[in-house]
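Residue numbers (the UniProt record's numbering): 1 to 261.
Right, one structure below, let's go through it.
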Amino acid sequence: MDILGGGERVVIYLSCSPPCQLLVVVLVDVSDKWTRNQLSPQVLQCLTQFSQVPSILVMNKVDCLKQKSVLLELTAALTEGVVNGKKLKMRQALRSQPGTPCPSPAAEGPKTQSVGGPQRIGWPHFQEIFMLSALSQEDVKTLKQYLLAQARPGPWEFHSGVLTSQTPEEICANIIREKLLEHLPQEIPYSVQQRTGMWEEGPSGELVIEQKLLVLKESHVRILIGPKGRLISQIAQEVGRDLMDIFLCDVQLRLSVKLLR
C-alpha cells in the first residue's frame, strides 16, 4: 500500500516502485483551504502512471468544516463526480457521517474523462471515499477495517529492529517542514524550498546542520525571518530540540533564508 499526500518524497517513492502495490491511498486534509481543492499534479501523475492499481480517497479533518456544503464541493472536485466507474450520489455523500465510506454510486453514470485530460484536478477512478476525523479512533475504524480486508499475507519489508526507513537528513527536513507549517501563514510554507548545506560532526561530537530556506518573494523572506529575526530563531530552536530528542546528541542547527532567483 502507498499513501499519497502530495509530498515529494512519497510521490517519488511510488513513481519508482514496480506496479505491484495492492492499494493506493490518497489522503487530503480538508481543513487546509490552500491545498484541498485539487490533487497535486505529482499525485495525479502517479495515479495515472499506475492506473491499474486500485486507489481510494481519504478526506481527513472533516470535523473542521463548519458547512457540509464545502465537503460536497470538495468531493465532487476530487473525484470528478465519479466513484468506482459510476456517478456519485452527491446528496447521499453529503449526509455521510465521519468515519464511514461514501454511499455506493448510482448505477447511471457517465463515462469518465480520458486519463491525463486537460486541466484535471481530480481523479475519477477511486474505488471508495472515506470521510474521517482522526481526532477519534472510532472515526477511523471503518477505514482500518477496509485496509485490513485489502491486505494480503507477505514478508515484512523491514526488519523488526528498523524504526524508520527515512534517512537522518529526511527526518531533519521533515521536522523543519512541520515547523514551517505551524508558524507561517496561508500559502507561504508550501512555497518554501529546502536545501541542506552542511551535515557533519562537530569537534565535540555534536551534529552540525545548515539548511537554506529558499522563498519566491521578498515579502516571504521578511515574514519567515520575522521581526529582529525572532521567528526563524524560534523555528531553529524548536527543530533543534526535536532533533536532539531523536538523535540523542547535541545538535547545532543554523537556518538561513534566501530569495530564490
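Built from N, CA and C at the ideal position, the CB exists for glycine as well.
Compute the Euclidean distance between the alpha carbons of residue i and residue j, then round it to the nearest angstrom.
{"i": "Q127", "j": "A134", "result": "21 Å"}
{"i": "V62", "j": "K212", "result": "35 Å"}
{"i": "D139", "j": "L27", "result": "15 Å"}
{"i": "A123", "j": "D250", "result": "Looking at the sequence shown, residue 123 is not Ala but Trp. Taking the straight line from one Cα to the other gives about 46 Å."}
{"i": "L207", "j": "V162", "result": "22 Å"}
{"i": "G154", "j": "L147", "result": "15 Å"}
{"i": "L74", "j": "G205", "result": "50 Å"}
{"i": "V53", "j": "V25", "result": "10 Å"}
{"i": "G240", "j": "G81", "result": "45 Å"}
{"i": "R152", "j": "L57", "result": "20 Å"}
{"i": "I12", "j": "A76", "result": "Confidence is the limiting factor: at I12 the pLDDT is only 46, short of 50, which leaves the residue's position unreliable, though a coordinate-based value still follows. C-alpha separation (whole angstroms): 27 Å."}
{"i": "G229", "j": "V221", "result": "11 Å"}
{"i": "N60", "j": "L88", "result": "19 Å"}
{"i": "T167", "j": "L181", "result": "21 Å"}
{"i": "P227", "j": "Q186", "result": "18 Å"}
{"i": "L67", "j": "I225", "result": "In the sequence under discussion, the amino acid at residue 67 is Gln, which differs from the Leu named in the question. The straight-line gap from Cα to Cα measures roughly 35 Å."}
{"i": "P141", "j": "N84", "result": "Looking at the sequence itself, residue 141 is Lys, so the reference to Pro does not match. Taking the straight line joining both Cα atoms gives about 22 Å."}
{"i": "Q234", "j": "R177", "result": "14 Å"}
{"i": "Q119", "j": "S160", "result": "44 Å"}
Sorted by chain position, which residues of the same chain lie with C-beta nearer than 7 Å to residue i's C-beta, five sequence neighbours on each side aside?
{"i": "S165", "result": "F158"}
{"i": "L143", "result": "V58, F130 and L132"}
{"i": "E169", "result": "T196 and W199"}
{"i": "Q150", "result": "L22 and L23"}
Spatial neighbours of residue i within its chain, please: CB distance less than 8 Å, with the 5 preceding and 5 following residues excluded, ordered by chain position.
{"i": "L65", "result": "V30, S31 and L71"}
{"i": "M244", "result": "D250 and V251"}
{"i": "S55", "result": "L23, V24, V25, V26, L47, W123, H125, F126 and Q127"}
Is the distance from the Cβ of residue i to the Cβ of residue j below 8 Å?
{"i": "I223", "j": "L184", "result": "yes"}
{"i": "Y190", "j": "T48", "result": "no"}
{"i": "I171", "j": "I121", "result": "no"}
{"i": "L78", "j": "L44", "result": "no"}
How close, in whole Å, do the beta carbons of residue i and residue j come, if the pair is a contact with beta carbons under 8 Å?
{"i": "E238", "j": "K179", "result": "6 Å"}
{"i": "L255", "j": "A236", "result": "5 Å"}
{"i": "I209", "j": "L259", "result": "Between L259 and I209 the Cβ distance is about 22 Å, and since that is not below 8 Å, they are no contact."}
{"i": "I175", "j": "D242", "result": "5 Å"}
Residue i by DSSP, collapsed to three states: which one?
{"i": "E200", "result": "strand"}
{"i": "Q49", "result": "helix"}
{"i": "N37", "result": "coil"}
{"i": "Q211", "result": "strand"}
{"i": "S69", "result": "helix"}
Please list, in chain order, all residues of the same chain as residue i whose beta carbon is under 6 Å from its beta carbon, the five residues on each side excluded.
{"i": "L214", "result": "Q193, K258 and L260"}
{"i": "G202", "result": "V208"}
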